[in-house]
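**Student:** First, the structure itself, so that you have it in front of you.
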Amino acid sequence: MKTVFIILLALCAATAWSAVPQLVSYQGFLTATNGTPLDTVVSMTFKMYDAATSGTQLWTETQPACTVRAGLFNVLLGSVVVVPDCFHGETHYLGVTVGSNTEMMPRVRFASVPYAYRVGTVDGSTGGAISGKLNVGDYNSNTGSYANIAGQSGQANGDWSTVGGGTGNQAGGMFATVGGGVGNQVLGNHGTVGGGGANKVHTYRGTIGGGLLNETQGAIATIAGGENNIAFGYASTIGGGLYNKVFGPYSTIAGGGGPNAEDSSCIMNMYGFIGGGRRNRIDGLAGVVAGGEFNHASGDYSSVGGGLSDTASGTSATVGGGYANTASGYTATVGGGSSNTASDSSATVGGGSSNFATHLYATVGGGEHNHARGPYSVVAGGGGATLADSNSASGSHSAIGGGTRNKATYYFATVGGGNNNTASGYIATVGGGRNNEAAFNYATVGGGYNNRARGECSVVAGGGGVFSADSNSASGDYSAIGGGTRNKASAVNATVGGGSDNYATGASATVGGGPTAADSNSALGYASFIGGGTRNQASDTNTTVAGGKSNTASRVGATISGGRVNTASGDFSTVSGGRFSTATNYDATVGGGYQNIASGSQATVGGGGNNTANGQYSVVSGGYSNRTDTTYTTVSGGRNNTASGYIATVGGGYSNTASADYATVGGGLSNTAAGAYSFAVGRRAKANHNGSFVWADQTDADFASSASNQFNVRASGGVRIYSNSGLTAGVTLAAGASA
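Here the numbering used here runs 39 ahead of the position in the sequence shown, where the first position is 1.
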């Protein structure tokens, strides 16, 4: 049998080469003393012996420049000195010396290939062709037509089958091939086992490259290698690994698995792909598990990128990786993280832990214990370590940016972040802060603590406080609170700018602010306005208090610009400033000053102190303790003056009185115009008769008229009357003289 084998190899060599090459290929691996592979060029000496130790040297040569790369070298023995024809069935050994080192031990035994080296001829015959079946080895059977076999105890039963070598191999199908190995079987036509052990190809055109205990049950199935892998599906593929199973047609497991049968990865449907890992499973059509462990792609076209215990059960669902994630909705996605769930169509969880996207197109970006429950809802992140810390967006198109314990419960509601905030109205918004609530349509809370926007389009910009009693509350439709604490805007269009304990309870009322509870500003009337200050009140329609302290505008259109303890209690009355002043009738005005009163309709006190304008359209321009009591009366200034007649006038001075209709006191001291149309001026002038004119000098004595329409002059220093501009013509009455 040895002769037949040598002839076969010699003939094969002769086919490839015109003559048998007198060279022997030798490969080896060199490392340094520490085990590191070498990269170098070395001199190597090769010697042939007839014994494993000692013995006779049969041949030697030195190759001075052998290249070693990554520890590997490849030389052709006989390149320097021709190898002698000494292979006659005896065992020969090769000794190798590197550089100046001693010869390496043990010597290398020559295998079968060098023995083919000598067969240029066999028993004097030259090479030729062999026809018919070939059987090389012991206990082989090649019953198939044109079947060829080598090795031991093998069977080539199929027509045109081949067993290249090994032991206990069987090629039972037509055109079946077993390259070598042990106990391999190819039962299907055109099947192939390259090598390995106990591999089986049962079906048409199945292929096993090698490995151990691998099996193809599907036609055109392929297993490249590994151990205990089974390819059941038509055209299925297993690249390698251990205990992997492919049942689906056209499906592939690249590798992976594990040391135990229960570590198997498997594909149950068509077009599936598992890249590696262990205990991964695909049940859906065209599913993908790239790797990881205990992952499951059960939906058609579903994918799991990797990780541990992830499940993609919805059609076209995806889990990128992570741990214990589930994408169960159609086209649902979980990017990663742990214990996340995307359970409705196109729902998405980007990552984080224990997050849920449970409605159509719902999205959770990340964080922990967040829940997007409404269609198109979004929770970007945040949450917390416990379920109670969850952010929940349950309204359609609702959104939560982050934070913890926030809720967006209605259509298009938004919470930007913060803690324990709720947006429960249609398109309601809470920007951030803590314990804030936007509870009606279009309501907004910008931030702060314990604030409430409960009216339609209402706004609380911020502020509030630690306790619920500190809440700013905008409960009127279109109401607004700029900030502060304990402020209330409870009517339509009501506004509180800030401060503390301010109340805008009238429709369109406005309050600017105030510092403490006792200093509360209250805009109670419709369209009322308080610009700021403290303890101010605007209590009727269109009333205004611009600022100051303890001012009250209590009738329609009343206005107080500022000051302190002023009251505008008449319709459209005005107090511009000052303190303790009052405008009590409609259109009445106090410009400022102290303790002034405009009590007549359209009456005016310009300023000063303790002035009173009681008559309709009457005016006290200023001064102190002046008074007008009748319609159109005027006191321009001075002190303790009174105009009590109809259209009476006091120009100024002290203690003057114009008590008759159209009467006038021009000024001075203690003058009286008591007759209608009378005029008094000077000191103690008394125009007591109608139409009388009394002019009195500084003499401290009364000077009174004695008849109506009388012209009276007291001039103790004389009188001069001129009739020309040059003061040269006229009448002179000397002091003490008589006419």
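C-beta: ideal position from N, C-alpha, C; glycine also.
Return the first residue and the last residue of the beta strand (DSSP E) that W199 is part of.
**Tutor:** Careful: W199 lies outside any beta strand (DSSP E) and carries neither H nor E.
**Student:** Look at the Cβ atom of G677, then the Cβ atom of N695, and state whether they are nearer than 8 Å.
**Tutor:** For G677 and N695, yes; Cβs fall inside 8 Å.
**Student:** If we call anything under 8 Å between Cβ atoms a contact, is A627 one with S615?
**Tutor:** Taking 8 Å as the Cβ cut-off, A627 and S615 do not qualify as a contacting pair.
**Student:** Restricting to Cα atoms, I'd like to know which of R108, D736 and A702 is closest to N729.
**Tutor:** The shortest C-alpha separation from N729 is found at A702.
**Student:** For the beta strand (DSSP E) that contains F286, what are its first and last residues?
**Tutor:** Neither: F286 is in no beta strand (DSSP E) and is coded neither H nor E.
**Student:** Got a sec, what are the start and stop residues for the beta strand (DSSP E) E100 sits in?
**Tutor:** Its beta strand (DSSP E) spans residues Q96 to V107.
**Student:** Just how far apart, CA to CA, sit T95 and M87?
**Tutor:** Going by the C-alpha atoms only, they are around 8 Å apart.
**Student:** Cβ of A754 within 8 Å of Cβ of D736?
**Tutor:** Yes.
**Student:** Where in the stretch 506-586 do unbroken runs of the beta strand (DSSP E), each at least 3 residues long, occur, reported from the N-terminal end onward?
**Tutor:** Entirely contained in the stretch 506-586, not one beta strand (DSSP E) run reaches 3 residues.
**Student:** Within a Cβ cutoff of 6 Å, which residues of the same chain sit near H335, ignoring the five residues on either side of it in sequence?
**Tutor:** Correct list, in chain order: R320 and T350.
**Student:** Would the stretch 116-124 and the stretch 139-146 be scored as touching if the rule is three or more Cβ pairs under 8 Å?
**Tutor:** Output reads no: the stretch 139-146 does not touch the stretch 116-124.
**Student:** Can you tell which of I636, G630, G617 and G631 has the C-alpha that lies nearest to the C-alpha of T623?
**Tutor:** For T623, the nearest C-alpha among the options comes from I636.
**Student:** Within this structure, are the beta carbons of I760 and V752 separated by less than 8 Å?
**Tutor:** No, the Cβ-Cβ distance between I760 and V752 is not below 8 Å.
**Student:** Measuring alpha carbon to alpha carbon, tell me which of I259, I262, V403 and R525 ends up nearest V388.
**Tutor:** The shortest C-alpha separation from V388 is found at V403.
**Student:** Among residues of its own chain, excluding the 5 on either side of F732, which ones have a beta-carbon nearer than 6 Å to its beta-carbon?
**Tutor:** Within the same chain, F732 has close Cβ partners F718 and F750.
**Student:** The beta strand (DSSP E) spanning L69 covers which residue range?
**Tutor:** Careful: L69 lies outside any beta strand (DSSP E) and carries neither H nor E.
**Student:** Could you name the residues of the same chain whose beta carbon sits closer than 6 Å to that of G486, not counting the 5 residues immediately before and after it, in chain order?
**Tutor:** Closer than 6 Å at Cβ, skipping near neighbours: G470, G471, G472 and G501.
**Student:** Excluding sequence positions up to five away, which residues of its chain have a Cβ less than 6 Å from the Cβ of G602?
**Tutor:** Cβ neighbours of G602 beyond the five flanking positions: G587, G616, G617 and R618.
**Student:** Which same chain residues, not among the five before or five after S382, have their C-beta less than 6 Å away from its C-beta?
**Tutor:** Excluding sequence neighbours, S382 sits near S367, G368 and T397.
**Student:** Got a sec, what are the start and stop residues for the beta strand (DSSP E) Q655 sits in?
**Tutor:** Careful: Q655 lies outside any beta strand (DSSP E) and carries neither H nor E.
**Student:** Note down, in chain order, each residue of its chain lying with its Cβ closer than 6 Å to the Cβ of Y465, except the 5 sequence neighbours on either side.
**Tutor:** Excluding positions up to five away in sequence, the list reads Y449, Y450 and N480.
**Student:** Is it right to say G376 is buried, meaning 16 or more other beta carbons lie within 10 angstroms of its own, or is it exposed?
**Tutor:** Answer is buried; the Cβ neighbour count reaches 16.
**Student:** Grab the span of the beta strand (DSSP E) containing Q191 for me, first residue to last.
**Tutor:** N187 to Q191 is the span of the beta strand (DSSP E), which, as asked, contains Q191.
**Student:** So, are the CB atoms of G455 and G421 less than 8 Å apart?
**Tutor:** No, the Cβ-Cβ distance between G455 and G421 is not below 8 Å.
**Student:** Our contact map puts Y565 next to A546 with C-beta atoms below 8 Å; I'd like the distance itself, whole angstroms only.
**Tutor:** Confirmed, about 4 Å.
**Student:** DSSP three-state call for E142: helix, strand or coil?
**Tutor:** It is coil, neither helix nor strand.
**Student:** Give the single residue among S559, F506 and V604 whose Cα lies nearest to the Cα of L537.
**Tutor:** Going by the sequence as given, residue 537 is Gly instead of Leu. Per the Cα distances, S559.
**Student:** Out of N532, N541 and T573, which has the shortest C-alpha to C-alpha gap to N581?
**Tutor:** Nearest of N532, N541 and T573 to N581, Cα basis: N532.
**Student:** With 16 as the cutoff for other CB atoms within 10 Å, does Y282 come out buried or exposed?
**Tutor:** Looking at its Cβ environment, which holds 16 or more other Cβ atoms inside 10 Å, Y282 is buried.
**Student:** In whole angstroms, give me the CA-to-CA distance for M309 and A263.
**Tutor:** Distance between the alpha carbons of M309 and A263: 20 Å.
**Student:** Determine whether the Cβ of S764 lies closer than 8 Å to any Cβ atom of chain B.
**Tutor:** Here there is only one protein chain, and chain B is not present.
**Student:** On a CA-only basis, which of G757, G570, N763 and N394 is nearest G775? Give me that one, please.
**Tutor:** It is G757 whose Cα lies nearest to the Cα of G775.
**Student:** Taking only the alpha-carbon atoms, compute the straight-line gap between G193 and G236 and give it to the nearest angstrom.
**Tutor:** Answer to the nearest angstrom: the Cα atoms are 13 Å apart.
**Student:** Would you call S139 buried or exposed, if buried means 16 or more other Cβ atoms sit within 10 Å of its Cβ?
**Tutor:** It is exposed - the Cβ of S139 has fewer than 16 other Cβ atoms within 10 Å.
**Student:** Use the C-beta contact count for R244: other C-beta atoms within 10 angstroms, 16 or more gives buried, fewer gives exposed.
**Tutor:** R244 should be labelled buried.
**Student:** With a CB to CB cut of under 8 Å and the five nearest residues on each side skipped, what residues in its chain are close to A519?
**Tutor:** Closer than 8 Å at Cβ, skipping near neighbours: S497, V498, V499, A500, A513, A528, A533, T534 and V535.
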